[in-house]
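Trainee:
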Amino acid sequence: MTVRRPLRCSRRFLPRCRTPEGSPGARPLMRASPSPWATVVDEEATAIRAADDGMWLPVWQPDLWHKFELSLVVDTAPSMELWQNTVTEFRKLTRRQGAFRDVRVHLMDSSEPSAGDPVLRAEGPGRARYRARDLADPTVRRLVLVLTDAIGSTWHDGVAYEMLARWYEQMPVAVAHVLPQRLWTWGRLSPSRLRLSATAPGVPNRQLRVRACGRVDGDAPAAAKGAVAVPVLNLSQAWLGDWAKLVSTATTIETTAVLAHRDHRKRLAAGPPAEPPEELSPRSRVLRFRTYASAQAFQLAGLLAAAPLNLPLIRLVPTRAAPGFGTAGAGGGPPRRSAPARFPEQRLRWSVRGDVRVPGRSPRGTLVG
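Residue numbering for the sequence shown follows my numbering, beginning at 48 and increasing consecutively.
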């Protein structure tokens, strides 16, 4: 009798920032500083006092601590289910590095419509619900890092931007994008290259000085008037390391960032109306995909179009059929999910558009134009 076992993928999803020793990105945040309230006994100074004065009275000194705690806001929209392993490894990495006093994970479903402040959920069986504004920390000892692909509806209607605006008034905030930079246009985030300067360690984003890269007049870009820059980072040592330097020291970095406003939705409504999506034929869809997909992505799309899709299969095919090819290029856009969310991995199903599958596949199982 043949026993069928679920497919498993043993690839490392964060190969460049997997271990604390090999992750220089967070080292600026790993420096301990004297605590403003916790104290410990200075044994050497206590012994010296006892020898000099004959009085065994403890000598206290400030304990060492890490100034910042990290609030990791994880997007749980349907498209983010492809990145569960990446999110899990990144979460473990931040907790075991020892760079933060505490790491707490908050869940946000960006696909749920929201008329105002988005709802966050805590991890654990209780799944307490609270508003995003409840994360604000006026003591400036909390960092907020949003882990997302920016595809959900709240990124398109401006709600997520206003959520960032509520936080950047009081805390350092950044967005960690799970997709490679060349695919950021799939979502609503359209960051530009900016030069950010901090006048002191741990200042909120609203106190950062913003300048356009390549300009010598020191003026902020015109779009920054009334807006605050929020760094958009890739999950790599270099990107995260620059942000760690900006947060922990008074320095200047060049990075990609979006400009968020507190009235982002009002500004979107006042702008030109969005054009309705263009209806494309199956052949046109395949041709458009070929214009920006790499050769490996196009090959992988042909392989995945030959079978029903689930998470183990999506993760297994690149490692067996196209070694060295990551999940980030697993298609020309977010696949459509055809099963309810939060099922076990083997029960989740995705599908390629039916009208594209038939005319878009050759007899050998690859996509054709």
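For each residue, glycine too, the CB sits at the ideal point set by N, CA and C.
Does the pairing of the segment 181–198 with the segment 218–227 give three or more beta-carbon distances under 8 Å?
Mentor: In short, these stretches touch, since the Cβ pair count reaches three.
Trainee: Hey, quick one: how far does the alpha helix (DSSP H) through proline 329 stretch, first residue to last?
Mentor: Residue numbering aside, residue 329 sits at position 282 when the sequence shown is read from its first letter. Element bounds for proline 329: 329–339.
Trainee: Between tryptophan 202 and serine 157, is the Cβ-Cβ spacing less than 8 Å?
Mentor: Indexing the sequence shown from 1 puts residue 202 at position 155. Indexing the sequence shown from 1 puts residue 157 at position 110. The answer is yes: Cβ separation under 8 Å.
Trainee: How far does the beta strand (DSSP E) with threonine 302 in it extend, from its first residue to its last?
Mentor: Stepping through the sequence shown from its first residue, residue 302 is reached at position 255. Unbroken beta strand (DSSP E) run through threonine 302: 299–307.
Trainee: Can you tell me whether threonine 303 is buried or exposed, with buried defined as 16 or more other CB within 10 angstroms of its CB?
Mentor: Here residue 303 corresponds to residue number 256 of the sequence shown, with the count starting at 1. Counting Cβ neighbours within 10 Å, threonine 303 comes out buried, since at least 16 surround it.
Trainee: In the DSSP assignment, find the unbroken beta strand (DSSP E) run with aspartate 122 in it and report its ends.
Mentor: If you number the sequence shown from 1, residue 122 lands on position 75. That run of the beta strand (DSSP E) goes 116–122.
Trainee: So, with DSSP's three-state summary, where would you put asparagine 281?
Mentor: On the sequence shown, position 234 is the one that residue 281 refers to. DSSP places asparagine 281 in strand when its eight states are reduced to three.
Trainee: Indicate the three-state DSSP secondary structure (helix, strand or coil) for aspartate 110 in the structure shown.
Mentor: Taking the sequence shown and counting its residues from 1, the one referred to as residue 110 is at position 63. Reduced to three states, the DSSP call for aspartate 110 is strand.
Trainee: Can you tell me whether lysine 292 is buried or exposed, with buried defined as 16 or more other CB within 10 angstroms of its CB?
Mentor: Taking the sequence shown and counting its residues from 1, the one referred to as residue 292 is at position 245. Lysine 292 should be labelled buried.
Trainee: For tryptophan 103, which three-state DSSP category applies?
Mentor: On the sequence shown, position 56 is the one that residue 103 refers to. Here tryptophan 103 sits in coil by DSSP.
Trainee: Return the CA-CA distance between serine 200 and leucine 111, expressed in angstroms with no decimal places.
Mentor: As a first step, residue 200 is located in the sequence shown; it is residue number 153 there, counting from the start. As a first step, residue 111 is located in the sequence shown; it is residue number 64 there, counting from the start. In a straight line, the C-alpha of serine 200 is about 43 Å away from that of leucine 111.
Trainee: Helix or strand or just coil, what does DSSP make of alanine 197?
Mentor: In the sequence shown, residue 197 corresponds to position 150, counting from 1. Alanine 197 falls in the coil class under three-state DSSP.
Trainee: Give the straight-line distance between the Cα atoms of alanine 247 and glutamine 254, rounded to the nearest whole angstrom.
Mentor: In the sequence shown, the residue the question calls residue 247 occupies position 200. In the sequence shown, the residue the question calls residue 254 occupies position 207. Approximately 9 Å between the Cα atoms of the pair.
Trainee: Under the rule that 16 or more other beta-carbon atoms within 10 Å means buried, what is aspartate 100, buried or exposed?
Mentor: Translated into the one-based positions of the sequence shown, residue 100 becomes position 53. Result: exposed.
Trainee: From glutamate 325 to leucine 334, what does the alpha carbon distance come to, in whole angstroms?
Mentor: Within the sequence shown, the letter at position 278 stands for residue 325. Within the sequence shown, the letter at position 287 stands for residue 334. Going by the C-alpha atoms only, they are around 14 Å apart.
Trainee: If you draw a straight line from the C-alpha of leucine 230 to the C-alpha of asparagine 281, how long is it?
Mentor: For the purposes of this step, residue 230 is identified with residue 183 of the sequence shown, where counting begins at 1. For the purposes of this step, residue 281 is identified with residue 234 of the sequence shown, where counting begins at 1. Roughly 11 Å separates the two Cα atoms.
Trainee: Among Ala197, Ala79 and Phe336, whose alpha-carbon lies nearest the alpha-carbon of methionine 155?
Mentor: Translated into positions along the sequence shown, residue 155 becomes position 108. Minimum Cα distance to methionine 155 is reached at Ala197.
Trainee: In this structure, how does DSSP classify alanine 259 when only helix, strand and coil are distinguished?
Mentor: Start at 1 with the first residue of the sequence shown, and residue 259 comes out as number 212. Looking at alanine 259 - three-state DSSP - the assignment turns out to be strand.
Trainee: Distance check for proline 359 and glutamate 128, CA to CA, integer angstroms please.
Mentor: Residue mapping note: residue 128 aligns to position 81 of the sequence shown, counting from 1. Residue mapping note: residue 359 aligns to position 312 of the sequence shown, counting from 1. Roughly 12 Å between the two C-alpha positions.
Trainee: Which residue's Cα is closest to the Cα of glutamine 108: Leu315, Ala352 and Glu90?
Mentor: As a working mapping, residue 108 is identified with position 61 in the sequence shown. Checking every option, the nearest Cα to that of glutamine 108 belongs to Glu90.
Trainee: Quick one, are the C-beta atoms of alanine 179 and histidine 311 less than 8 Å apart?
Mentor: On the sequence shown, position 132 is the one that residue 179 refers to. On the sequence shown, position 264 is the one that residue 311 refers to. No, Cβ-Cβ distance for alanine 179 and histidine 311 is not below 8 Å.
Trainee: Could you tell me the distance, in whole angstroms, from the CA atom of alanine 183 to the CA atom of serine 118?
Mentor: Counting from 1 along the sequence shown, the entry for residue 183 is found at position 136. Counting from 1 along the sequence shown, the entry for residue 118 is found at position 71. Alanine 183 and serine 118: Cα-Cα distance of roughly 10 Å.
Trainee: Apart from the five residues on each side of it in sequence, which residues of its chain come closer than 6 Å, Cβ to Cβ, to aspartate 164?
Mentor: Counting from one through the sequence shown, the residue named residue 164 turns up at place 117. So the qualifying residues of the chain are Arg178, Ala179 and Arg180.
Trainee: Quick one: is aspartate 149 buried, meaning 16 or more other Cβ sit within 10 Å of its Cβ, or exposed?
Mentor: The count along the sequence shown starts at 1 and reaches residue 149 at position 102. Exposed: under 16 other Cβ atoms inside 10 Å.
Trainee: Let's test the definition: count the other Cβ atoms within 10 Å of the Cβ of glutamate 301 and tell me whether it reaches 16, buried, or not, exposed.
Mentor: As a position in the sequence shown, residue 301 is number 254, starting the count at 1. Exposed: under 16 other Cβ atoms inside 10 Å.
Trainee: Just checking my contact of phenylalanine 345 with arginine 337 at CB under 8 Å: how many whole Å lie between their CB atoms?
Mentor: Counting from 1 along the sequence shown, the entry for residue 345 is found at position 298. Counting from 1 along the sequence shown, the entry for residue 337 is found at position 290. That belief holds up - the Cβ atoms of phenylalanine 345 and arginine 337 are roughly 6 Å apart, short of 8 Å.
Trainee: Among Arg256, Val305 and Arg96, which residue has its Cα nearest to the Cα of leucine 243?
Mentor: Locating residue 243 in the sequence shown gives position 196, counting from the first residue. Closest by alpha carbon: Arg256.
Trainee: Which one of Gly249, Ala316 and Tyr208 has the shortest CA to CA distance from glutamine 217?
Mentor: Walking along the sequence shown from the start, residue 217 turns up at place 170. Selected option, being the one with the closest Cα: Gly249.
Trainee: Using CA coordinates, which residue listed in Arg258, Asp204, Thr141 and Ala274 is at the minimum distance from glutamine 284?
Mentor: Working through the sequence shown from its first residue, we reach residue 284 at position 237. Selected option, being the one with the closest Cα: Thr141.
Trainee: Would you call the CB atoms of alanine 245 and threonine 298 closer than 8 Å?
Mentor: In the sequence shown, residue 245 corresponds to position 198, counting from 1. In the sequence shown, residue 298 corresponds to position 251, counting from 1. Result yes, Cβ atoms of alanine 245 and threonine 298 sit closer than 8 Å.
Trainee: Kindly indicate which residue of Pro355, Val152 and Arg174 has the alpha-carbon position closest to the one of arginine 138.
Mentor: Within the sequence shown, the letter at position 91 stands for residue 138. Comparing Cα-Cα distances from arginine 138 to each of Pro355, Val152 and Arg174, the minimum goes to Val152.
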